[in-house]
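Last residue of the sequence shown: 810 (this note's numbering), numbering continuous. No residue lacks a Cβ here, since even glycine has one placed at the ideal position from N, Cα and C. This one's a predicted model, so the numbers in the text were calculated from it and none came from an experiment. Just below is one structure, and these are the notes that go with it.
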Amino acid sequence: MPLLRELDSDASDRLQTTRVSYSSKGALVVDRPTILVLEDEPLIGLHVEGTLVEAGFNVAIATSCAEAETILENLRPDAVVLDVDLSDGPCVAIAEKLVERRIPFVVHSGYLSVDKVFAHGIAVQKPSNPADIVAAVKASKLFSDAKALGITSTEIEEDTGSVSMKRCSMP
640 MPLLRELDSD ASDRLQTTRV SYSSKGALVV DRPTILVLED EPLIGLHVEG TLVEAGFNVA
700 IATSCAEAET ILENLRPDAV VLDVDLSDGP CVAIAEKLVE RRIPFVVHSG YLSVDKVFAH
760 GIAVQKPSNP ADIVAAVKAS KLFSDAKALG ITSTEIEEDT GSVSMKRCSM P
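Here it is in structure tokens:
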């Protein structure tokens, strides 16, 4: 994906600094995409965090809209997984900010018929399985990059785990 970011018209705004962290085995992990998770239920938050870390992402967690606002002032995540309702209310303003900043997001909620701003994300209804969350995060990032490049069709080759993108001409 780095090539897609370099071609993006807002590349200077979207490029992430190199991140350094350590895996559970103490191995150095460099430049993993960062996902912000907005979840106020501790067990669900831990489950989503573990799933994403296992899939190779760095994860930041916010349990309220206020905490998410603070994190978003200091961090530009590669994608966001959000619950619609957090401890301090619905996160409509957060979703609007994500759309405005062109940060892809996944709506991970039991409520799928909500404010229209959430239609900009990919919906994964609770309860969900870990593979669905990971696939939705990857797809949200892929579609965001494709849209920024003006790509109208994407092809995901599941058998190899690779992603190939093709420009399609419209008739």
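Under 8 Å, do residue i and residue j count as touching if we go by C-beta distance?
{"i": "Ala-718", "j": "Val-745", "result": "yes"}
{"i": "Thr-702", "j": "Ile-772", "result": "no"}
{"i": "Ile-733", "j": "Leu-714", "result": "no"}
{"i": "Gly-760", "j": "Ser-779", "result": "yes"}
Under the rule that 16 or more other beta-carbon atoms within 10 Å means buried, what is residue i, buried or exposed?
{"i": "Pro-743", "result": "buried"}
{"i": "Lys-777", "result": "buried"}
{"i": "Asp-670", "result": "exposed"}
{"i": "Thr-709", "result": "exposed"}
{"i": "Pro-672", "result": "buried"}
{"i": "Pro-716", "result": "buried"}
{"i": "Glu-739", "result": "exposed"}
When DSSP builds the beta bridges, which residues end up paired with residue i?
{"i": "Ile-700", "result": "Val-676"}
{"i": "Ser-748", "result": "Gln-764"}
{"i": "Pro-729", "result": "Asp-724"}
{"i": "Val-824", "result": "Coverage of the chain is limited to positions 640 through 810, which leaves residue 824 absent and any answer about it impossible."}
Closest by CA to residue i, which one among the options?
{"i": "Glu-712", "options": "Lys-780, Phe-696 and Leu-675", "result": "Leu-675"}
{"i": "Ala-770", "options": "Tyr-750, Glu-688 and Ala-699", "result": "Glu-688"}
{"i": "Val-756", "options": "Glu-680, Ile-700 and Cys-730", "result": "Cys-730"}
{"i": "Glu-680", "options": "Glu-693, Val-692 and Ile-700", "result": "Ile-700"}
Distance check for residue j and residue i, CA to CA, integer angstroms please.
{"i": "Ala-775", "j": "Val-763", "result": "7 Å"}
{"i": "Ser-748", "j": "Gly-695", "result": "23 Å"}
{"i": "Asn-697", "j": "Asp-727", "result": "25 Å"}
{"i": "Asp-724", "j": "Lys-736", "result": "16 Å"}
{"i": "Asp-754", "j": "Cys-704", "result": "16 Å"}
{"i": "Glu-678", "j": "Arg-741", "result": "21 Å"}
{"i": "Tyr-750", "j": "Asn-768", "result": "17 Å"}
{"i": "Val-692", "j": "Ala-758", "result": "26 Å"}
{"i": "His-686", "j": "Leu-781", "result": "23 Å"}
Is there a Cβ of chain D sitting closer than 8 Å to that of residue i, yes or no?
{"i": "Ser-726", "result": "In the structure shown, chain D cannot be found, because there is only a single protein chain."}
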